[in-house]
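Student:
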Amino acid sequence: MKDKDTAEFQDMLAALRMLGADPAPGASVGRAMARMQTTGTADRPSWAALQRLERENELLIDHAEMLACALGACPNCWGTLEDCEECGGVGRPGAFNPDRTCFDHFVLPVIIRVLGHGPTETSGA
């Protein structure tokens with residue numbers, strides 16, 4: 002168990018005690034954390050599922066930012082927010098010079114595929 006998780010759990014227990022919802026006597030942090038990691042309900046996912054979703058969300062954010070840079074767009078708003086602190090709303094794709102590394106990673110393979118096939122092959126026929 003991570004020290005951060007234990008500290009957060011201890012903080013949560015302290016808050017529950019302040020509210021008068023003291024856990025059962027003799028309940029250990031380790032057992033409670035183990036239960037939290039494996040149990041979930043229909044309206045509340047398990048701790049492991051939440052951690053997986055956090056990792057997926059971070060990955061999607063990273064990919065969206067890299068794709069924006071590959072297309073020369075604002076990684077913050079893609080040119081959709083007039084009050085964007087990064088671009089002032091002008092950061093649509095093509096507004097800035099593309100980042101070459103991101104372009105080569107995301108865009109170039111698509112261009113090669115599209116240019117490498119005849120029109121009948123790309124139409125799904």
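Following the numbering used here, the numbering of the sequence shown begins with 2 at its first residue and continues without gaps.
Yeah, the Cβ is synthetic: ideal placement off N, Cα and C, and Gly gets one too.
A quick note: this is a predicted structure, and the numbers were derived from the prediction, not measured.
Thinking C-beta only, is P99 closer than 9 Å to G80?
Tutor: no
Student: Any beta-carbon of chain B closer than 9 Å to the one on V111?
Tutor: Absent from the structure is chain B; it holds one protein chain and no more.
Student: Let's test the definition: count the other Cβ atoms within 10 Å of the Cβ of A8 and tell me whether it reaches 16, buried, or not, exposed.
Tutor: exposed
Student: Look at the alpha carbon of L82 and the alpha carbon of G117, and state the distance between them as a whole number of angstroms.
Tutor: 37 Å
Student: Would you give the residue range spanned by the alpha helix (DSSP H) that P110 belongs to?
Tutor: L109 to G117
Student: Taking the straight line between their C-alpha atoms, what separation do you get for V108 and N58?
Tutor: 22 Å
Student: Can you tell me the Cα-Cα spacing of T123 and R114, whole angstroms?
Tutor: Low per-residue confidence applies at T123: pLDDT is 49, beneath 50, and the placement is therefore not dependable, though the value from the model is reported in the following sentence. Whole-angstrom Cα-Cα distance: 9 Å.
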